[in-house]
Amino acid sequence: MITIDSLTRKYGASVAVDNVSFTAKTGRVTGFLGPNGAGKSTSMRMIVGLTTPTSGTATISGRRFADLPNPGREVGVMLDASAQHAGRTGREILTIAQQMMGVPASRVAELLELVSLTATEADRRVGNYSLGMRQRLGIAAALVGDPSVLILDEPANGLDPAGIRWMRDLLRDYADHGGTVLLSSHLLNEIEIIADDIVMIGQGRIVCQGSKTELLQAAGTVVRSPDVTALHRALVSAGLTVTASDDGSFRADADASVVGRAAYDGGVVLTELRNADSGGLEEMFLELTADTQRDTNREKAAA
Amino acid sequence: MTAITIDPVGSTATTGRRTTFAPIPLSRVVRVELRKMFDTRSGFWLIASLAITSLVATIATIAFAPDKDLTYYNFAKAVGFPITVILPMVALLAITSEWSQRSGLTTFTYVSSRRRVVWAKTLSSVIVAVASMLFAFAVGAVGNVVGSAIAGTPTVWDLSVGHATTIVLGNLVSMSVGTMLGMLLRSSAGGLVTYFVVTLVLPNLSQLLAGSQHWFQSLQPWVDLSFAQTALFEGMQTGAQWAHIATTVALWIVVPGYFGLRRVMRSEVK
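Going down the list, the protein sequences come from chains A and B. Under this note's numbering, the first residue of the first sequence is numbered 147, with each subsequent residue one higher. Under this note's numbering, the first residue of the second sequence is numbered 78, with each subsequent residue one higher.
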């Protein structure tokens, strides 16, 4: 379990991470989601002691990272898959980890197999690796010490869709065996595929957090009927907040059951009734980070 | 590929308690850091160049030195010179690569005490330094036997154990310049440039100043590291020379090294 308590990092007058608190629970994959420069990496570096927090604490199973006697055996870390000496082979990078942590040499071959890097690829220098291969190697290096906690910064970056599914299965399996995973991404759909819990961050502040299921429900329900006017009337008279979409459907801020009941009460025939899921969550992501996003800020400044 | 399962809680799951892991011994950190000096192509050739230049220097001495200079001391000096130049680069790059190649992002998550990592790197550099000097002495001995045989002169063994020791010390001082600059600058390119300025430009400026300014002449041994170091290579004669070495090492290595270490400990690793 990772516990982050009021973590803050200031650079002069600017605040990169502002009073961030959350918990990454055992047995769950926690997705740390936010636009570029939101403070995800800085937060992760503070957890593992590479950046000193201005205030606040981060503990792993109740202990500070710096107090772990052999950190690699307890926390697997991948902060940047490309941050490796380009002249080392993939196998050598895993061997260094294996020797430093003092685990059996057989771990290297096991992990190469786990992340599907062939023997030939493992003997190539990482300078020649594709980003996807580096990510796989980085995951392998994080797993060498058989840790119970994984901290991965943008692990799905550079992976193709099949690679992302592979990572989901790997991390799912890991969490199901009692592991804790904290991973970051700036892409909502990656987090949606991989994570159980989501922590959204924008300009250093947490904007919302919860389980994916909760957040998806909060995203509302998409509902459609051939009789658009009647549906709108029914939903509004049930006291629901409704947004009309261009394609003639509505998004209501309520559970599917509540929306279905409203339509039934209004005697409206439905052709579609479903959780808003990805679209809804994305809208929320954009909405929540709207006043913290660079693009929007520029638009506002220009206006 | 998902056939292998990963079991993060391992066999301890049955007892419900996690194992407490033994701390990583320093010897292991040194061993791994030593390995990291050799396991890249550039690192390997840099250290190989220590051996190669030793051989070249020996051959050059046999070929070009006047017959009367074919003595063991001259061989050892010729063989040791390239090592004096290259060793500090080995020591410097061992430290700066963690920042310049950004591998520190993983290194410092395996061993969270940066002081420990830097200490292990320094010890690894000392091991390389001593090993390469022993190699140089051996190559020099072979050169001395072969050289005098070719020239038909008697084989002269004019290097005492005491003198050999001060030569090794002199090389360790050179090496520490690299370690100090590595900690202070944490950048391979900047570190190497500064190293060449410190070892090639500064001694000449100091020499020039001592030649033209009378007041500096008496001060030079106390502030000019390479001047004081020369005594180590040529065999220490007086107690004052030891005092010069101590003072210049404190001034040029210990003090900046201390500030470098502080920056290593405090700086953000990105």
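Here a beta-carbon is modelled for each residue, glycine too, at the ideal position from N, C-alpha and C.
#### Entry: Whole-number beta carbon distance between residue 134 of chain B and residue 156 of chain B, since they are thought to touch under 8 Å
On the second sequence, residue 156 of chain B is found 79 positions in, with the first residue counted as 1. On the second sequence, residue 134 of chain B is found 57 positions in, with the first residue counted as 1. Yes, residue 156 of chain B and residue 134 of chain B are in contact; Cβ-Cβ is about 5 Å, under 8 Å.
### Task
Please name the residue, chosen from B:115, B:255, B:267, B:179, that lies closest to residue 44 of chain B on a Cα-to-Cα basis.
In the structure as shown, chain B starts at 78 and stops at 347, and residue 44 of chain B therefore has no counterpart that could be examined.
### heavy atom of the ligand ADP below 7 Å from residue 182 of chain A C-beta
The ligand ADP is not part of this structure, which contains no ligands at all.
### Message
Counting only C-beta atoms, is residue 105 of chain B closer than 8 Å to chain A at any point?
### Response
Reading the second sequence from its first residue, position 28 is the one you call residue 105 of chain B. Yes, residue 105 of chain B lies at the interface with chain A (some Cβ there is under 8 Å from its Cβ).
### Query
For residue 355 of chain A, which three-state DSSP category applies?
Residue 355 of chain A sits at position 209 when you count from the first residue of the first sequence. It is a strand residue.
### Message
Here's a check: name, in chain order, each residue in its chain whose Cβ is nearer than 7 Å to the Cβ of residue 158 of chain B, leaving out the five neighbours to either side.
### Response
One-based indexing of the second sequence puts residue 158 of chain B at position 81. Excluding residues within five positions, the ones whose Cβ falls inside 7 Å are 134.
### Partners in chain A for residue 100 of chain B, counting only beta-carbon separations shorter than 8 Å
For this step, residue 100 of chain B is matched to residue 23 along the second sequence. Correct list: 215, 216.
### Query
Based on the DSSP secondary-structure assignment, which residues constitute the bridge partners of residue 370 of chain A?
Looking up residue 370 of chain A in the first sequence gives position 224. For residue 370 of chain A, which the question treats as bridged, DSSP gives the partners A:418.
### Query
When DSSP labels each residue in this structure, what does residue 275 of chain A get in the three-state scheme?
Along the first sequence, read from residue 1 onward, the residue named residue 275 of chain A stands at position 129. Note: residue 275 of chain A maps to coil in three-state DSSP.
### Message
Going by DSSP in three states, residue 155 of chain A sits in which element: helix, strand or coil?
### Response
One-based indexing of the first sequence puts residue 155 of chain A at position 9. In the structure shown, residue 155 of chain A sits in a strand (DSSP, three-state: E or B).
### Task
Tell me whether residue 248 of chain B is buried or exposed, calling it buried when 16 or more other Cβ atoms sit within 10 Å of its Cβ.
Taking the first residue of the second sequence as 1, we reach residue 248 of chain B at position 171. The residue in question, residue 248 of chain B, is buried, as its Cβ has 16 or more Cβ neighbours within 10 Å.
### Task
Anything in the segment 283–304 of chain A with a Cβ closer than 7 Å to a Cβ of chain B? List those residues in chain order, please.
Within the segment 283–304 of chain A, the qualifying residues are 287, 289, 292, 293, 294.
### Task
Name, please, each residue of chain A whose Cβ falls closer than 9 Å to the Cβ of residue 185 of chain B.
Looking up residue 185 of chain B in the second sequence gives position 108. Within chain A, the residues near residue 185 of chain B are 194, 195, 196.
#### Entry: 8 Å contact criterion, which residue 186 of chain A and residue 180 of chain A should meet: CB distance rounded
Residue numbering aside, residue 186 of chain A sits at position 40 when the first sequence is read from its first letter. Residue numbering aside, residue 180 of chain A sits at position 34 when the first sequence is read from its first letter. With 8 Å as the limit, residue 186 of chain A and residue 180 of chain A qualify as a contact, their Cβ atoms being about 5 Å apart.
### Query
What residues from chain D crowd round residue 314 of chain A, counting only those whose CB sits closer than 8 Å?
Absence of chain D from the displayed structure is noted, the protein chains being A and B.
### Task
Excluding the 5 residues preceding and the 5 following residue 449 of chain A in the sequence, name in chain order all residues of the same chain whose CB lies nearer than 8 Å to its CB.
The residue you call residue 449 of chain A lines up with position 303 of the first sequence. Only weak support exists for where residue 449 of chain A lies, its pLDDT of 48 falling under 50; the value from the coordinates is given anyway. The answer is none, since no qualifying residue turns up.
### Task
Closer than 9 Å by beta-carbon distance: list the chain A residues that pair up with residue 174 of chain B, in chain order.
The residue you call residue 174 of chain B lines up with position 97 of the second sequence. 231, listed in chain order.
### Task
Pull up the distance between the alpha-carbon of residue 231 of chain A and that of residue 178 of chain B, whole angstroms please.
To locate residue 231 of chain A, count along the first sequence from 1; it is residue 85. To locate residue 178 of chain B, count along the second sequence from 1; it is residue 101. Rounded to the nearest angstrom, the two C-alpha atoms are 5 Å apart.
### Task
Under the assumption that residue 113 of chain B contacts residue 239 of chain A (Cβ atoms under 8 Å), give the Cβ distance between them as a whole number of angstroms.
By 1-based counting over the second sequence, the position of residue 113 of chain B is 36. By 1-based counting over the first sequence, the position of residue 239 of chain A is 93. Residue 113 of chain B to residue 239 of chain A, Cβ: 10 Å. No contact.
### Message
If the cut-off is 8 Å on Cβ atoms, which residues from the segment 112–141 of chain B count as contacting chain A, listed in chain order?
### Response
112, 113, 116, 117, 118, 119, 120
### Message
Quick check on residue 115 of chain B: buried or exposed, where buried means 16 or more other Cβ atoms within 10 Å of its Cβ?
### Response
Here the question's residue 115 of chain B lines up with position 38 in the second sequence. Flag for residue 115 of chain B reads exposed.
### Task
Counting only the same chain and skipping the five closest in sequence on each side, list residues whose C-beta sits under 8 Å from that of residue 185 of chain B.
Residue 185 of chain B sits at position 108 when you count from the first residue of the second sequence. Shown here for residue 185 of chain B: same chain residues with a beta carbon closer than 8 Å to its own, the five before and five after excluded, namely 175, 191, 194, 346 in chain order.
### Query
By a C-beta neighbour count over all protein chains shown, 10 Å radius and 16 as the cutoff for buried, is residue 157 of chain A buried or exposed?
Residue 157 of chain A sits at position 11 when you count from the first residue of the first sequence. Residue 157 of chain A comes out exposed.
### Message
Measuring only the C-alpha atoms, how far is residue 306 of chain A from residue 428 of chain A?
### Response
The sequence position of residue 306 of chain A within the first sequence is 160, counting from 1. The sequence position of residue 428 of chain A within the first sequence is 282, counting from 1. Answer to the nearest angstrom: the Cα atoms are 20 Å apart.
### Query
For residue 98 of chain B, which three-state DSSP category applies?
The residue you call residue 98 of chain B lines up with position 21 of the second sequence. In the three-state scheme derived from DSSP, where H, G and I count as helix and E and B as strand, residue 98 of chain B is classed as coil.
### Query
Which class does residue 264 of chain B belong to by DSSP, given the choice of helix, strand or coil?
Mapped onto the second sequence, residue 264 of chain B falls at position 187. Residue 264 of chain B: coil per DSSP, three-state reduction.
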